[in-house]
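Participant: Dropping a structure here in structure tokens format, bear with me for questions.
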Amino acid sequence: MDHLTIAPIVVPLLVGAVMMLIDERQRTLKAVIGMGSALALLGLAILALTVADAGAGVVRVYRLGNWPASFGIVLVLDRFAALMLVLTGILGVAALTFSLPRWQKAGAHFHPLFQFQLMGLNGAFLTGDLFNLFVFFEIMLAASYGLALHGSGLARVRAGLHYVAINLSASLLFLIGVSMIYGVSGTLNMADLAGRVASLASEDRGLLEAGAAILGLAFLIKAGMWPLGFWLPNTYSTLGSASAAIVSILSKVGIYAVLRLWLLVFGEGAGASSGFGGTVLLIGGLLTIGFGCIAVLATQNMARLAGATVLVSSGTLLAAIGAGQMAVTGGVLFYLTSSVMAVAGFFLLVELVERGRAVGADVLAVTREAFGEGDDEDADDGGGGGGAGVPIPATMAILGIGFMSSALLLAGLPPLSGFLAKFAILSPLLAAGPEVPVTTWILLAALVLSGLATVVAMTRVGIDAFWASPAAEVPRVRVAEIAPVLLLLALNLALTIQAGPAMRYMEDTARALHAPQDYNGAVLSGIPTAGPTAGGAR
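According to the working numbering, the residues represented by the sequence shown are 196 to 733, in order.
If you want it as structure tokens, here you go:
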């Protein structure tokens, strides 16, 4: 248990390194090892979540080399990090299972890249200092570059190169921002930095805030905030389905970093810098929702639609975070959990629905609709049976139910978890009484309109896919491909049924984020802090 905090990083690191030594033709062996690693990471993440939620909430600190936090590498496990580990583990198992029949064979070194991707994600969620956050960001991004180009193809290579160039620029901004913060504060440990912000001299505060703003740009590029997220829908739509499912959580790494650092460094104890950047997050989030709605309505391609829904979810999260209320943050975490699984499941579902359809079927369907062609194809021929009696294959029925469930989740319609999450965000904002701010009404309108736009787009695309221009033949879907989709939908259904316990966990996490004294004390002292049942300190 002492090494539980570092295990989610070490396991994929070792497994990925071993895989590099195995001949690429031994895909079955690599698949078995990779699946074992993914399942082990999911088990470790669930165990970490159980430990982090024990008693009053344990903050476990792992100091490499036993160096003091101000000088050494520190990994920190709390409720927020444990939640993100579980989401990464779920997506890792789902995406890897989906890849086994087809996508693992589409290019070289898929399995090592997948393990290094998991390593970078887990490290980013666990690290306690900015420099190692940069290190794990680069590991995560380097692996995602390989996954983005996996399978080749002109469109994928073109979009992949754009993705690489944009993220290299973001990495440069990351380094500049970190350097400025270190130059002013003399530390990169996040807990230590939080304790020094309030006492900074007034002449240094502007430089610190400038560095934080540059650092925030790097996070917001990854999160896809407008106008920094123009690259996201096109890039995600060209990825292979398995790659897109795991890469889709990368946008939420930016959200995680913004929420963690903003509340830790610029919370109530930051003195004159308290709340720095909150207005930018709120306005930027609202603009991102608007841009995402336009992208959702403008696209006729199902894969691009999935990418556009990532923008809508990121905008919703950023705008809600910008509100700066603890009760809203609980809803933010609930929405993050629901949207991550819903978007990943939809990316996997897209390939299964599109499989067997003619190239350009979406465009042809819209063209026929616009010019009124093909309206009489299904007319009654006088035989009394026009359009009736055609059986629906079981595969198409399952895909249709999955598509409808995804539409409900992404649009935030009742009764599934997407609706509950939006309600949890808006309820505290609207409970302010007669003095409800204008920004709250704008956010309410944005969430309603984004849901409406998603419903319209999903309905239109669904009609085209399942009714107007269905597949020329029933797609051949293997159990290993449909099972991950059903798993992610089932987990969202479980999140809906168990909304009470889930919201309790989210609210406890939100309270810890808004009052980070336990986090700071545990990191700077190296002693785990918890309630009476936490056990002895090391």
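Even glycine gets a Cβ: it sits at the ideal position worked out from N, Cα and C.
Between the segment 272-280 and the segment 690-710, do three or more beta carbon pairs fall short of 8 angstroms?
Facilitator: Touching, yes.
Participant: Could you pull the start and end residues of the alpha helix (DSSP H) that valine 227 belongs to?
Facilitator: Unbroken alpha helix (DSSP H) run through valine 227: 222-247.
Participant: Looking at C-beta atoms only, is the number of pairs between the segment 639-650 and the segment 499-513 that lie closer than 8 angstroms three or more?
Facilitator: Verdict: yes, contact present.
Participant: Run through the DSSP bridge pairs and tell me what leucine 272 is partnered with.
Facilitator: Paired residue(s): Arg255.
Participant: So is asparagine 317 buried or exposed if we call it buried at 16+ other beta carbons inside 10 Å?
Facilitator: Burial call: buried.
Participant: Looking only at C-alpha atoms, which of Val254, Gly211, Asp248 and Leu278 sits nearest to histidine 306?
Facilitator: The shortest C-alpha separation from histidine 306 is found at Gly211.
Participant: Could you tell me which of Gly487, Met385 and Gly378 sits nearest to glycine 424, measuring between CA atoms?
Facilitator: Ranking Gly487, Met385 and Gly378 by Cα distance to glycine 424 puts Gly487 first.
Participant: I need the boundaries of the alpha helix (DSSP H) containing lysine 300, first residue and last residue.
Facilitator: Premise fails: lysine 300 is in no alpha helix (DSSP H) and is neither H nor E.
Participant: Rounded C-beta distance between asparagine 496 and leucine 611? I'm assuming under 8 angstroms.
Facilitator: Actually they do not touch by this definition, with Cβ atoms about 25 angstroms apart.
Participant: Would you call phenylalanine 331 buried or exposed, if buried means 16 or more other Cβ atoms sit within 10 Å of its Cβ?
Facilitator: Flag for phenylalanine 331 reads buried.
Participant: So, are the CB atoms of methionine 698 and alanine 619 less than 8 angstroms apart?
Facilitator: Yes, the Cβ-Cβ distance between methionine 698 and alanine 619 is below 8 angstroms.
Participant: Can you find a CB in chain C that lies within less than 8 angstroms of the CB of alanine 413?
Facilitator: Structure shown: chain C not included; a single protein chain is present.
Participant: Specify the secondary structure class of threonine 382 as computed by DSSP and reduced to three states.
Facilitator: Three-state result, threonine 382: coil.
Participant: Go through the segment 434-519 residue by residue and report every complete run of the alpha helix (DSSP H) that reaches 4 residues or more, in order.
Facilitator: Runs of the alpha helix (DSSP H) inside the segment 434-519: 436-442, 445-460, 473-493 and 497-517.
Participant: Within the same chain, show all residues whose beta-carbon is closer than 8 angstroms to that of valine 650, passing over the 5 residues directly before and after it, in chain order.
Facilitator: For valine 650, where only same-chain residues beyond five positions count, the Cβ hits under 8 angstroms are Ala602, Ala606 and Leu608.
Participant: At the level of alpha carbons, what is the spacing between phenylalanine 461 and threonine 511?
Facilitator: So the two alpha carbons sit approximately 21 angstroms from each other.
Participant: Could you compute how far the alpha carbon of alanine 583 sits from the alpha carbon of leucine 544?
Facilitator: Low local confidence applies: a pLDDT of 38 at alanine 583 is under 50, so the model's placement there is unreliable, and no value is given.
Participant: Would leucine 513 and leucine 476 qualify as a contact pair, given that the criterion is a beta-carbon distance under 8 angstroms?
Facilitator: Yes, these two residues count as a Cβ contact at 8 angstroms.
Participant: So is glutamate 398 buried or exposed if we call it buried at 16+ other beta carbons inside 10 Å?
Facilitator: By the neighbour-count rule (16 or more Cβ atoms within 10 Å), glutamate 398 is not buried but exposed.
Participant: Where do the N-terminal and C-terminal ends of the alpha helix (DSSP H) with alanine 343 fall, by residue?
Facilitator: 325-344 is the span of the alpha helix (DSSP H), which, as asked, contains alanine 343.
Participant: In angstroms with no decimal places, state the Cα-to-Cα distance between isoleucine 489 and lysine 447.
Facilitator: Each residue's Cα considered, the two are about 21 angstroms apart.
Participant: Let me confirm a value: leucine 208 is counted as buried when at least 16 other C-beta atoms fall within 10 Å, else exposed. Which label applies?
Facilitator: Buried, by the Cβ-count rule.
Participant: Return yes when the Cβ of proline 203 is within less than 8 angstroms of the Cβ of leucine 321, no when it is not.
Facilitator: Yes, these two residues count as a Cβ contact at 8 angstroms.
Participant: Which same chain residues, not among the five before or five after tyrosine 257, have their C-beta less than 6 angstroms away from its C-beta?
Facilitator: Thr200, Ile201 and Leu270.
Participant: Counting beta carbon pairs with one atom in the segment 713-720 and one in the segment 240-256, are three or more of them shorter than 8 angstroms?
Facilitator: The answer is yes - the segment 713-720 touches the segment 240-256, with three or more Cβ pairs under 8 angstroms.
Participant: Which partner residues does aspartate 322 have in the DSSP bridge list?
Facilitator: According to the sequence provided, residue 322 is threonine. The question's aspartate does not apply to it. Its beta-bridge partners are Leu270.
Participant: Measuring straight from C-alpha to C-alpha, what distance separates phenylalanine 266 and leucine 456?
Facilitator: Taking the straight line joining both Cα atoms gives about 19 angstroms.
Participant: Based on Cα-Cα distance, which residue from Glu630, Leu642, Val538 and Leu624 lies nearest to glycine 597?
Facilitator: Checking every option, the nearest Cα to that of glycine 597 belongs to Val538.
Participant: Aspartate 387 by DSSP, collapsed to three states: which one?
Facilitator: In this structure, aspartate 387 counts as helix in the three-state DSSP scheme.
Participant: I'd like the list of long-range same chain contacts for methionine 279, defined as Cβ closer than 7 angstroms, with 5 residues on each side in sequence excluded.
Facilitator: Excluding positions up to five away in sequence, the list reads Phe320 and Tyr451.
Participant: Of all the options Asp659, Ser469, Met215 and Ala522, which has the alpha carbon lying nearest to the alpha carbon of serine 394?
Facilitator: Measuring from the Cα of serine 394, the nearest candidate turns out to be Ser469.
Participant: Which class does threonine 200 belong to by DSSP, given the choice of helix, strand or coil?
Facilitator: Looking at threonine 200 - three-state DSSP - the assignment turns out to be coil, as it is neither helix nor strand.
Participant: Please confirm if the segment 293-313 is in contact with the segment 339-358, defined as three or more CB-CB distances below 8 angstroms between the two stretches.
Facilitator: These segments touch.
Participant: Can you give me the C-alpha to C-alpha distance between valine 491 and leucine 216, rounded to a whole angstrom?
Facilitator: Valine 491 and leucine 216: Cα-Cα distance of roughly 43 angstroms.
Participant: Reducing DSSP to helix, strand and coil, say where alanine 648 ends up.
Facilitator: Reduced to three states, the DSSP call for alanine 648 is helix.
Participant: Would you tell me roughly how many angstroms separate the C-alpha atoms of arginine 284 and alanine 396, rounded to the nearest one?
Facilitator: First, the amino acid is wrong: residue 284 is glycine here, not arginine. When rounded, the distance between both Cα atoms is 43 angstroms.
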